[in-house]
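Notes follow the structure.
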Amino acid sequence: MRNLFSYLAAASLVIVFAGQSWANSKCHEVEMKVTTSAIDPMLPYGKYAGTALVRIDEQAPIQAIVSLVMVEVKNGDDGKIYPTNAMTFDFGSLGTLSVQDKSVLTPTDTPYIYTINSSLDNLTGTGAFADVIGRLRGHGQLSFATTVATVEDEGRICW
């Protein structure tokens, strides 16, 4: 019984401090326009690099350098492709924002063109983005002919 009370007391402290951390964070509406291309066009499931224009709370957009690495790729029976990506937005002196990008690539009627629907979760950050939490959703297009992806992401993040 004593162990149960100790456990409950410890759990209560964790909840209080986590709630305080959430209360001290400020949340922001974020919109991103991201363009990336394969570093090696012969490896369409490899590394991608590009840029993003990021608007936070309707402020003027700021530019970020984007790097993306496909961590895992699964092919569906219906022609869809399910990549999991590690993605980093580098804002220079402001810091970095890293996300896990789980996407669904759906073939279109045009050969080699896929629509992208993605969920960007498990956020981490440095600098101004330290202690970041939140979620972003993305929609766009990937051309396997040119290995260029364009995606618009939006969501709410807090730090």
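In mature numbering (1 follows the signal peptide of the UniProt record, and there is no 0), the protein residues as written are -23 to -1, 1 to 136.
Backbone N, C-alpha and C fix where the C-beta goes; we use that ideal spot for every residue, glycine too.
Note that the structure is a prediction, hence the values are computed from the model and not measured.
Option nearest residue i by Cα separation, candidates the options
i	options	result
Ile16	Ser2, Ser44, Pro38 and Lys3	Ser44
Leu30	Thr127, Ile134 and Trp136	Thr127
Gln36	Pro21, Met9, Asp78 and Ala26	Met9
Ile58	Thr65, Phe68, Tyr25 and Ser95	Ser95
Supposed close pair residue i, residue j - CB separation, criterion 8 Å
i	j	result
Val81	Asn62	Not quite, the Cβ-Cβ distance comes to about 12 Å (not below 8 Å), so this is no contact.
Val11	Asp130	6 Å
Span separating the alpha-carbon of residue i from that of residue j
i	j	result
Thr83	Leu119	10 Å
Ala5	Val109	Residue identity differs from the one stated: residue 5 is His in this sequence, not Ala. For His5 and Val109, the distance between alpha carbons rounds to 11 Å.
Trp(-2)	Cys135	Low local confidence applies: a pLDDT of 47 at Trp(-2) is under 50, so the model's placement there is unreliable, with the coordinate-based value given in what follows. Cα-Cα distance, rounded: 8 Å.
Gly117	Phe68	22 Å
Arg32	Arg114	15 Å
Beta-carbon proximity check, residue i vs residue j, cutoff 7 Å
i	j	result
Gly132	Val7	yes
Ser14	Thr124	yes
Phe106	Gly72	yes
Thr101	Ser75	yes
Pro21	Phe121	yes
residue 155	Asp98	Outside the modelled stretch of the chain, which goes from -23 to 136, sits residue 155, for which no answer is possible.
Exposure label - residue i; buried when at least 16 CB within 10 Å
i	result
Ala41	buried
Met19	exposed
Ile39	exposed
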